[in-house]
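Residue numbers (our numbering): 19 to 270. The C-beta atom is built at its ideal place from N, Cα and C for all residues, glycine as well. Some notes on the structure that comes next.
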């Protein structure tokens, strides 16, 4: 995959106060893809061919359903269901014999069985695929800006890095696109920033738990301690609770 710099969205995200700018980018991109699919995109042949083959995951079916654009969702689901029926007919006609209890006595692969084929078919998601490609570009841009722009590096350090899922993504892209001194420099920077922030949150979380000790009765928690549970969850798992997980407002 060839990566290009998507500088403006990344700079905008890192200029907003949040626990993980990359989560904010992801939420906005996800929202934009859903908007596009439920507007005019679902009438484009290329889009319909793609969504017929892949469908969507539970999360994105739910988000599209909540938009209340029943016609757009119905049209995409209808043709995807037609494609799914054809695929399922072929799957169910296949040999359904159970593999031997001792796999080395059988040539049949349990991973190629009908249950596995069905799970593989329903495990795909067009929005997840698009989102993954976009977030990898944003991760590449984040790495390059961190290496090339001291002011961006300072902002990254001030925020305290990103959530652990996006830390892993940055490491993926670092290993894929960097080498030698650049890779070592970025990964050491990312490690230092991430661990420092997590230790800070751990301290605030401990302070929060101490508020429930009778010996600290009447002592008001600091703002950092009060928000520490939310901050810890969003750092560990990505933006899942509170304002960090807020989605753009819609009138539909």
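The shortest C-alpha to C-alpha distance from residue 27 to any of 158, 226, 96, 205 is the one to 158.
The DSSP-derived three-state label of residue 265 is coil. Two segments are said to touch when three or more pairs of C-beta atoms, one from each, lie closer than 8 Å; by this definition the stretch 178 to 196 does not touch the stretch 79 to 86. For residue 29, the uninterrupted alpha helix (DSSP H) run begins and ends at 25 to 32, by DSSP. The stretch 165 to 176 makes no contact with the stretch 137 to 151, as fewer than three CB pairs between them are under 8 Å. Using a C-beta cut-off of 8 Å, the stretch 54 to 68 makes no contact with the stretch 25 to 40, since fewer than three inter-stretch Cβ pairs fall below that distance.
Taken atom to atom, the span from the alpha-carbon of residue 242 to that of residue 211 is near 18 Å.
With a cutoff of 7 Å on beta-carbon distance, residue 21 and residue 155 are scored as near each other. Counting of Cβ neighbours within 10 angstroms places residue 39 among the buried residues, the total reaching 16 or more.
With a contact defined as Cβ atoms closer than 8 Å, residue 182 and residue 254 qualify at about 6 Å. Between the beta-carbon of residue 262 and that of residue 37 there is about 5 Å, and that keeps the pair under the 8 Å contact cut. In this structure, DSSP gives residue 90 a helical state, which the three-state scheme calls helix. C-alpha of residue 266 to C-alpha of residue 260: approximately 13 Å in a straight line. Taking the Cβ atoms as the reference, residue 112 lies roughly 6 Å from residue 132, within the contact range of under 8 Å.
In the structure shown, the three-state DSSP call for residue 240 is coil. In the three-state DSSP reduction, residue 35 falls in the coil class, being neither helix nor strand. Leaving aside the five residues that flank residue 145 on each side, the residues in its chain whose CB is nearer than 8 Å to its CB run, in chain order, 48, 51, 52, 55, 74, 75, 78.
Around the beta carbon of residue 240, fewer than 16 other beta carbons sit within 10 angstroms, so the residue counts as exposed. With a threshold of 16 other beta carbon atoms within 10 Å, residue 268 falls short and is exposed.
Per DSSP, residue 135 is one residue of the alpha helix (DSSP H) stretching across 132 to 140.
Straight-line spacing of the CA atoms in residue 264 and residue 108 works out to 42 Å. Here residue 105 has 139 as same chain residues with Cβ atoms under 7 Å from its own Cβ, once five neighbours each way along the sequence are excluded.
Setting aside the 5 residues that flank it on each side, residue 179 is surrounded in the same chain by 211, 212, 215, each with a C-beta closer than 6 Å to its C-beta; the list follows chain order. One alpha carbon belongs to residue 101, the other to residue 46, and they sit about 30 Å apart.
Residue environment: residue 246 is assigned as buried (16 or more neighbouring CB atoms within 10 Å of its CB, all protein chains considered).
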